[in-house]
Each structure stands twice: as structure tokens, then as C-alpha cells.
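Asker: Just so you know, we're using the working numbering here: the sequence shown kicks off at 1466 and counts up by one. Quick reminder that beta carbons are idealized off the backbone N, C-alpha and C, glycines included. Below is one structure. I have some questions about it.
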Amino acid sequence: MKNNNFCARKLVLVWLSLLYSEFYIKIKIKLNYMVNKINIKPISIWKSLLLFGIPGLAYYVGFYYGMPLCMNTDLPKTFSFFFFMWLPIVPLLPVSILLFKREQKRQPYLSFKKRFRLKKITKNDLLWIAGGIVLTFTFEELLTPISRWQASFSLFAPPEHFPSLLNPLKEAVLPMTHFYGEPLHGKWLLILSIIIFHPIGQIGEEFMWRGYILPRQEQNYGTWAWLVNGLMWAYILHFFLRWNFIAFLPSMLITPFIAQKTKNTWVAVIVHAVPNMILLFTFFLLGVISF
């Protein structure tokens, strides 16, 4: 009798353990599904235009109206220039994070890294990065004469107060010892500011354009989302550089194309940031260390 009771209890325990194991496995599968599933909603054309348009408007107002005002004051013109360069893009980093938090309220298990496609750089990614940087430099160098030609028309002509860094009609002389008439020699605070704020601006741009917006545009436009993304980046954000509408286009399409192809926003950050940083350091670092 005791043996029968012992066997019965043992069978019950085995049955309960199997039931618990099955329940645990189901819960684990469900949780993994919830964590890994990303429900990305399409973005309307108007929201895309708004997200690109607000920083684009800030660029336009800053460089066309803010910069001339600063030139008529005792404010340092060089730092004023960089203030208006960074003002529209540095806030994009916290704004993109806030937009993610808004999505996370509807999807509590949504991961920031997965949603913004922040993956480890692979060997294949490195090839895309190298190719993207080389193509960006190549197209910008080859198409610079087109910018000069386009800028020669009054409709596209840059304002006179735009420096050679942005104005193709002005000759860029290296080393650039003066900027807006101010000597650059010894301005290491400027170099420090570039090292800190410019990468933040570039990361903010890519988190917003390719991390937040592009995946949502893919829900609307599929494999052609990179084209829509790149055109908005070129013609809305950079409207204030309208004399570059033709010359800018290839480089403005390269980054979103690679971002969509690799599904890795860090790749886009590097492809975008490296040419920009090299350009800035070529102009300003040589001026700071020159005699």
C-alpha cells in the first residue's frame, strides 16, 4: 500500500514538473517573441517633411538671417558660424530618443538598439563603409564645378557673407589662416568644440534620419525608401545650400542606400561623419596650427 502511495505521489510530481516545464517554455517563447518583435508603423509624408523641414528651416534662418546679425555685433564670427551649423542638428539626438520613448509606451519590450538598428560592425559593413566614403569624396570632387556653374545663376547664387567652406564661387586657400576675417592661429577651443559637437550632430542626424525615419519609410516605400529619405535629406534639410542641388545628390543618396542595405545605423554614422570631419579638420586644424 505504501509503495502504491509513493508511486502515485511520484507520478503526480513528475506530471507537475512536466506541466511546469511546458508552461515555462511557452512563457519563455512568448517573452522572446515580444522582445524580438518590432512593430514599426509607417510614417506619413507630412511627418517626414516636418522632421526634415524643422532643422532645414533652422539652417536657413540661422545662416541667412542670424549670421548677418552676428557679423554686425562684437560676437566672434567663427563661433557664431559653428553655432548656426550645430543648432539644427545637435538636438536631433535627444529628440530621436524621445520619439523612441513614445513608441516604447506602446511596445514596452521594444529595444532601442533593435529599433534604431545599432548593430556591431561586420567585415561586410566595413566594405560598405570604405566604398561609401570613397564614393562620397569622389562625387563631391568631380561635381564641384557643377556647384560653381549652378551658383552663377541668380536664382541659386549663395549670399555674399557665406564663406568659401559653403560658397563655391569663393576660392578656398589652404592653409586657411583667417575665417570671416578672424585669425585662426591658436584657436584650440574651436578644434575642441568641433571634436565634441560635430560628432554629436552627425550621430543625431543619423539616429533621426536613418535610425528613426528610414525604417518607418520602408513600411511605405519598401526597397525605394532610401531614395525618398535621401531626396528629403538633400533638398529639404540642405535647401539653404541650393546651389549644391545637383552636386550634393549622389553623396546624399549614398548614405541612406547603404543604411538600408546593411540595416546598420552605425555604418551610416561613419559614412556620413568621416568625410565631414576630414573636411573640417583640413580647413580649420591647418589654420589653427599655421604661423
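Note down, in chain order, each residue of its chain lying with its Cβ closer than 7 Å to the Cβ of Gln1682, except the 5 sequence neighbours on either side.
Answerer: Stepping through the sequence shown from its first residue, residue 1682 is reached at position 217. Once the five neighbours on either side are set aside, the close Cβ partners of Gln1682 are Ile1508, Ser1513, Ala1690, Val1693 and Asn1694.
Asker: Measuring CA to CA, which of His1626, Val1560, Tyr1700 and Lys1588 is closest to Tyr1645?
Answerer: The residue labelled residue 1645 in the question sits at position 180 within the sequence shown. Per the Cα distances, His1626.
Asker: DSSP on Glu1647, reduced to helix/strand/coil?
Answerer: Residue 1647 sits at position 182 when you count from the first residue of the sequence shown. In the structure shown, Glu1647 sits in a strand (DSSP, three-state: E or B).
Asker: Going by beta-carbon coordinates alone, are Met1532 and Phe1549 separated by less than 9 Å?
Answerer: Here residue 1532 corresponds to residue number 67 of the sequence shown, with the count starting at 1. Here residue 1549 corresponds to residue number 84 of the sequence shown, with the count starting at 1. Result yes, Cβ atoms of Met1532 and Phe1549 sit closer than 9 Å.
Asker: Does DSSP put His1663 in a helix, a strand or coil?
Answerer: Stepping through the sequence shown from its first residue, residue 1663 is reached at position 198. In this structure, His1663 counts as helix in the three-state DSSP scheme.
Asker: By a C-beta neighbour count over all protein chains shown, 10 Å radius and 16 as the cutoff for buried, is Phe1517 buried or exposed?
Answerer: Walking along the sequence shown from the start, residue 1517 turns up at place 52. Phe1517 should be labelled buried.
Asker: Pair every Cβ in the region 1575-1584 with every Cβ in the region 1715-1734, then say whether three or more of these pairs are closer than 8 Å.
Answerer: A contact exists between the region 1575-1584 and the region 1715-1734.
Asker: Measuring only the C-alpha atoms, how far is Thr1543 from Lys1578?
Answerer: Within the sequence shown, residue 1543 is the residue found at index 78, counting from 1. Within the sequence shown, residue 1578 is the residue found at index 113, counting from 1. Approximately 36 Å, taken between the alpha carbons.
Asker: Can you list, in chain order, the residues of its chain with a C-beta nearer than 8 Å to that of Phe1546? Leave out the 5 residues immediately preceding and following it.
Answerer: For this step, residue 1546 is matched to residue 81 along the sequence shown. Cβ within range, chain order: Met1532, Pro1628, Phe1644 and Tyr1645.
Asker: Just how far apart, CA to CA, sit Lys1506 and Leu1679?
Answerer: Translated into the one-based positions of the sequence shown, residue 1506 becomes position 41. Translated into the one-based positions of the sequence shown, residue 1679 becomes position 214. In a straight line, the C-alpha of Lys1506 is about 11 Å away from that of Leu1679.
Asker: Determine, using beta-carbon pairs with one atom in the region 1748-1756 and one in the region 1716-1726, whether at least three such pairs fall under 8 Å.
Answerer: Verdict: no, contact absent.
Asker: My parser needs the alpha helix (DSSP H) runs of 4 or more residues fully inside the region 1567-1635; what are they?
Answerer: As far as the region 1567-1635 is concerned, its whole alpha helix (DSSP H) runs of at least 4 residues are 1577-1580 and 1588-1616.
Asker: Should the region 1596-1603 be regarded as contacting the region 1704-1714, the criterion being three or more beta carbon pairs within less than 8 Å?
Answerer: Because the criterion of three Cβ pairs below 8 Å is not met, the region 1596-1603 and the region 1704-1714 do not touch.
Asker: Leaving out five residues on either side along the sequence, give the residues of the same chain with a beta carbon under 7 Å from the beta carbon of Ile1594.
Answerer: Stepping through the sequence shown from its first residue, residue 1594 is reached at position 129. The residues are Val1732, Ile1735 and Val1736.
Asker: Check this for me: beta carbons of Phe1528 and Pro1624, under 9 Å apart or not?
Answerer: Locating residue 1528 in the sequence shown gives position 63, counting from the first residue. Locating residue 1624 in the sequence shown gives position 159, counting from the first residue. It is a contact, given that the beta carbons lie within the stated cut-off.
Asker: Tell me the rounded alpha-carbon separation between Val1739 and Asp1539.
Answerer: Position 274 of the sequence shown, counted from the start, is the residue given in the question as residue 1739. Position 74 of the sequence shown, counted from the start, is the residue given in the question as residue 1539. Going from the Cα of Val1739 to the Cα of Asp1539 covers about 33 Å.
Asker: Quick one: grab the DSSP three-state call for Ala1419.
Answerer: Since the first residue of the chain shown is 1466 and the last is 1756, residue 1419 is not available in this structure.
Asker: For Leu1718, which residues in the same chain have their Cβ closer than 6 Å to its Cβ, ignoring the five residues on either side in sequence?
Answerer: Here the question's residue 1718 lines up with position 253 in the sequence shown. Excluding sequence neighbours, Leu1718 sits near Gly1695.
Asker: Is Glu1605 close to chain C? Criterion is C-beta to C-beta, closer than 9 Å.
Answerer: Among the protein chains of the structure shown there is no chain C, as only one such chain exists.
Asker: So, at 8 Å on beta carbons, what are the nonlocal neighbours of Trp1511 in its own chain, with the 5 sequence-adjacent residues on each side left out?
Answerer: Along the sequence shown, read from residue 1 onward, the residue named residue 1511 stands at position 46. For Trp1511, where only same-chain residues beyond five positions count, there are no Cβ hits under 8 Å.
Asker: Could you tell me the alpha carbon to alpha carbon distance between Trp1674 and Trp1698, rounded to whole angstroms?
Answerer: In the sequence shown, residue 1674 corresponds to position 209, counting from 1. In the sequence shown, residue 1698 corresponds to position 233, counting from 1. Taking the straight line from one Cα to the other gives about 8 Å.
Asker: How many angstroms separate the CA atom of Ile1661 from the CA atom of Thr1688?
Answerer: Numbered from its first residue, the sequence shown carries residue 1661 at position 196. Numbered from its first residue, the sequence shown carries residue 1688 at position 223. Taking the straight line joining both Cα atoms gives about 35 Å.
Asker: What is the DSSP secondary structure of Asn1694, counted as helix, strand or coil?
Answerer: In the sequence shown, the residue the question calls residue 1694 occupies position 229. Reduced to three states, the DSSP call for Asn1694 is helix.
Asker: Since Phe1518 is in the alpha helix (DSSP H), which residue starts that stretch and which ends it?
Answerer: Reading the sequence shown from its first residue, position 53 is the one you call residue 1518. For the record, residue 1518 in the displayed sequence is Gly; it is not Phe. From DSSP, the alpha helix (DSSP H) with Gly1518 extends over Ile1510 to Val1526.
Asker: Going along the chain, which residues of its own chain have a beta-carbon closer than 8 Å to the beta-carbon of Leu1436, five neighbours each way excluded?
Answerer: Nothing in the structure corresponds to residue 1436, since the chain is present only between 1466 and 1756.
Asker: Which of helix, strand or coil does DSSP assign to Arg1675?
Answerer: Working through the sequence shown from its first residue, we reach residue 1675 at position 210. It is helical.
Asker: Whole angstroms is fine: what's the gap from Lys1635's alpha carbon to Asn1685's?
Answerer: Against the sequence shown, residue 1635 aligns to sequence position 170. Against the sequence shown, residue 1685 aligns to sequence position 220. So the alpha carbons of these two residues sit roughly 42 Å apart.
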